[in-house]
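Residue numbers (the numbering used here), protein chains in the order written: chain A, 1 to 234; chain B, 1001 to 1231; chain C, 2001 to 2257.
Using N, Cα and C, we set each Cβ at its ideal position, and we do this for glycine too.
Quick caveat: nothing in here was measured; it's all calculated off a predicted structure.
Have a look at the structure below, then the notes.
If you want it as structure tokens, here you go:
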């Protein structure tokens, strides 16, 4: 069967005869982007809450602009912009990590901002009454609650993030979609099997992410939830 | 970094944007209409269909939302041309094949998202409405036309606006199967002129405008359908 | 200021909180009108009045959860201003208990109590834990130290909230209708904690509708209506023979059921 023949390539890419690729790279990419995007999202959500209208306004503007772009366009734009701006040539993989982190992070930031707004005001007041600074209140009291409130929206976002690591294949990164496409172009005779297999793998992983989400929702079920502040996008 | 502002006035850029925009609009409008139709069909199956239909619709929605658009596109494009090689099947020998397949892929995938929005919208209509209508003997198409849909529209329009924007975003993947949309023309021009930053900035601006125009359009719809108590 | 307001404390203890001609507006609506009040060390002041009288707003101004537009509030000899440093110092000395408890739902009872000492007073985890357990024992909830607020009853949550406020070793405790959100059978357990606090000599300003409690524990009762302080008197005097007419009306309504 054509899939089994090429299984090692599909799962690991050219490794060990080259850099890691395939499904392994998709997983690594998703984890890496997942963490970076979350940090970026916290930063964006925090800045959007700033008392300075300049800071919060600019942050909101930038975030809205980024979110209205297709991820592929943003990726290509950054791919050309970064070397011109910073004078350093980034590999397609590096550009993809940076672009996807900022892109997905903008959506996560927006979800977190909704979550932060949903945390009862009394929580901040209780913190303030015991002398905690605004930064401490944000970090220890509001943000943890906001994240737990936002779990359903975040799960959707991470499913989207995982699926659209495939965007990187368009700039030549050999992650799972990249290797699958390569195998198809090499063989040309079994596209339905090859792409069907790819679809199945992505589908199963998404089920996994959704299960993790349900488990987390169950653990932290003590308050109401925000489902989607903004829906998924490519 | 030097941004070549003069390039923005270059006729080649304008030509690339114009040709690309035409196709992108075709993909977007086609995809959006298709997604709305498929979504409505799916939602109807899930809400009002037989148990078999309901489960089938649910399964379809689950799958379609959990596969990347590129894979779906490649599956359809390479699968179709493999099963029915254009050399032997004249009806496939159209230069618009890739374009049509992109629209179909967008329809199938985004249709599932639209179906979810419609379904959630219907479930948000207070149960009391159905009960009151049933008590007066109103049911079926009349129920939906006069009671459900007027209350449903304001609930679902924002979600639908998002999904149409997602169709526009998804159309960018068409360049991978050589559809000559905005991104394809942009890439093409970049390989000739190496003005990647300028080109991609211009393209980004076009996509901003498409997104904002869509959202603005849906805001107009929202105002039209708003009932007097919400005005 | 009418002659019915004994805004100055009796006795020789130093004045800790002093509100002088405090005025506060929400837009054009005046919520506090020329409020004057002195609280001496160890005093228990009960503030009562109809809803909308500004009593909650009044005590929330003391720890600057609400800003004031005119007048002066002096706490421990320092006028309250909104600079960050002095606010933090102020709030470590003034503790507050809220009507809605406002416990942090994502932290256990003990963690709720420990947070401020660790982050503001920079205590180590062990030190904070010792203080936390001591206070939880004091409010009778040592066994619930590891429980999350969602699993505690209202009365238990409010007692944890009191422990949390006490963790910063305040010298003044403010209570904003602490039992108004509780089911009747849980009110007494919270009041008992407050009574024992008062017996230990804590300076307390309490906004409440619990008149029997006020009678037992208050040194002075402050009656407010429509943003004004109408009467300040010792409880025996206030409850048996209030001088202001609005106070009489209020008491007759509230004591009749």
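Continuous beta strand (DSSP E) stretch holding residue i: start and end
i	result
residue 2173 of chain C	2172 to 2176
residue 2040 of chain C	2029 to 2040
residue 2024 of chain C	2015 to 2026
residue 2075 of chain C	2070 to 2075
Spatial distance of residue i from residue j (CA atoms)
i	j	result
residue 2069 of chain C	residue 1106 of chain B	59 Å
residue 1087 of chain B	residue 1033 of chain B	31 Å
residue 1168 of chain B	residue 111 of chain A	22 Å
residue 1200 of chain B	residue 1158 of chain B	29 Å
residue 141 of chain A	residue 200 of chain A	40 Å
residue 1132 of chain B	residue 1122 of chain B	16 Å
residue 171 of chain A	residue 2027 of chain C	57 Å
residue 1115 of chain B	residue 1103 of chain B	17 Å
residue 1046 of chain B	residue 1124 of chain B	15 Å
residue 1216 of chain B	residue 1091 of chain B	39 Å
residue 146 of chain A	residue 120 of chain A	10 Å
residue 1110 of chain B	residue 1030 of chain B	12 Å
residue 1027 of chain B	residue 1171 of chain B	6 Å
residue 1251 of chain B	residue 1203 of chain B	Beyond the ends of chain B as shown, which are 1001 and 1231, falls residue 1251 of chain B; an answer cannot be given.
residue 2113 of chain C	residue 2167 of chain C	6 Å
residue 2258 of chain C	residue 2201 of chain C	It is not possible to answer for residue 2258 of chain C, since the shown part of chain C is limited to 2001 through 2257.
residue 1017 of chain B	residue 1188 of chain B	11 Å
residue 229 of chain A	residue 185 of chain A	Any answer about residue 229 of chain A is weak, because its pLDDT of 39 lies below 50 and its placement is not dependable; what the coordinates show is given next. C-alpha separation (whole angstroms): 40 Å.
residue 2081 of chain C	residue 152 of chain A	42 Å
residue 225 of chain A	residue 44 of chain A	In this prediction, residue 225 of chain A has a pLDDT of 48, which is less than 50 and means its spatial position is unreliable; what the coordinates show is noted afterwards. Approximately 21 Å between the Cα atoms of the pair.
residue 219 of chain A	residue 213 of chain A	10 Å
residue 99 of chain A	residue 75 of chain A	5 Å
residue 1135 of chain B	residue 2161 of chain C	50 Å
residue 182 of chain A	residue 25 of chain A	15 Å
residue 1012 of chain B	residue 114 of chain A	43 Å
residue 1182 of chain B	residue 1198 of chain B	14 Å
residue 216 of chain A	residue 149 of chain A	11 Å
First and last residue of the uninterrupted alpha helix (DSSP H) at residue i
i	result
residue 2122 of chain C	Unbroken run through residue 2122 of chain C: none, as it is neither H nor E.
residue 217 of chain A	191 to 219
residue 2142 of chain C	That residue, residue 2142 of chain C, is in no alpha helix (DSSP H); it is neither H nor E in DSSP.
residue 2059 of chain C	2055 to 2062
residue 1125 of chain B	Per DSSP, residue 1125 of chain B belongs to no alpha helix (DSSP H) and is neither H nor E.
residue 2047 of chain C	Premise fails: residue 2047 of chain C lies in the beta strand (DSSP E), 2044 to 2048, not in any alpha helix (DSSP H).
residue 1183 of chain B	1182 to 1193
residue 102 of chain A	92 to 118
residue 1216 of chain B	1196 to 1225
residue 130 of chain A	Segment: none, residue 130 of chain A is in no alpha helix (DSSP H) and carries neither H nor E.
residue 77 of chain A	71 to 86
residue 59 of chain A	53 to 68
residue 2066 of chain C	Careful: residue 2066 of chain C lies outside any alpha helix (DSSP H) and carries neither H nor E.
residue 2154 of chain C	2154 to 2166
residue 2182 of chain C	Neither: residue 2182 of chain C is in no alpha helix (DSSP H) and is coded neither H nor E.
residue 158 of chain A	151 to 163
residue 1166 of chain B	1149 to 1170
residue 2247 of chain C	2245 to 2255
residue 1004 of chain B	It is not in any alpha helix (DSSP H) - residue 1004 of chain B carries neither H nor E in the DSSP assignment.
residue 188 of chain A	Careful: residue 188 of chain A lies outside any alpha helix (DSSP H) and carries neither H nor E.
residue 2 of chain A	2 to 5
Residue(s) in a DSSP beta bridge with residue i
i	result
residue 2283 of chain C	Residue 2283 of chain C cannot be examined here, being either before or after the span of chain C that is shown, 2001 to 2257.
residue 2096 of chain C	C/2174
residue 22 of chain A	A/175
residue 2079 of chain C	C/2074
Cβ-Cβ separation, residue j to residue i (assumed contact under 8 Å), whole Å
i	j	result
residue 2110 of chain C	residue 2136 of chain C	7 Å
residue 179 of chain A	residue 9 of chain A	6 Å
residue 2038 of chain C	residue 2018 of chain C	5 Å
residue 2091 of chain C	residue 129 of chain A	6 Å
residue 2159 of chain C	residue 2130 of chain C	Between residue 2130 of chain C and residue 2159 of chain C the Cβ distance is about 19 Å, and since that is not below 8 Å, they are no contact.
residue 96 of chain A	residue 168 of chain A	4 Å
residue 2176 of chain C	residue 2207 of chain C	5 Å
residue 1214 of chain B	residue 1164 of chain B	5 Å
residue 1112 of chain B	residue 1060 of chain B	7 Å
Contacts that residue i makes with chain D (C-beta to C-beta distance below 9 Å)
i	result
residue 2104 of chain C	Here chain D cannot be found, since the structure's protein chains are A, B and C.
Runs of beta strand (DSSP E) wholly within the region 2188 to 2218 of chain C (minimum 3 residues, chain order): 2203 to 2207
Runs of alpha helix (DSSP H) wholly within the region 1027 to 1089 of chain B (minimum 4 residues, chain order): 1051 to 1065, 1069 to 1083
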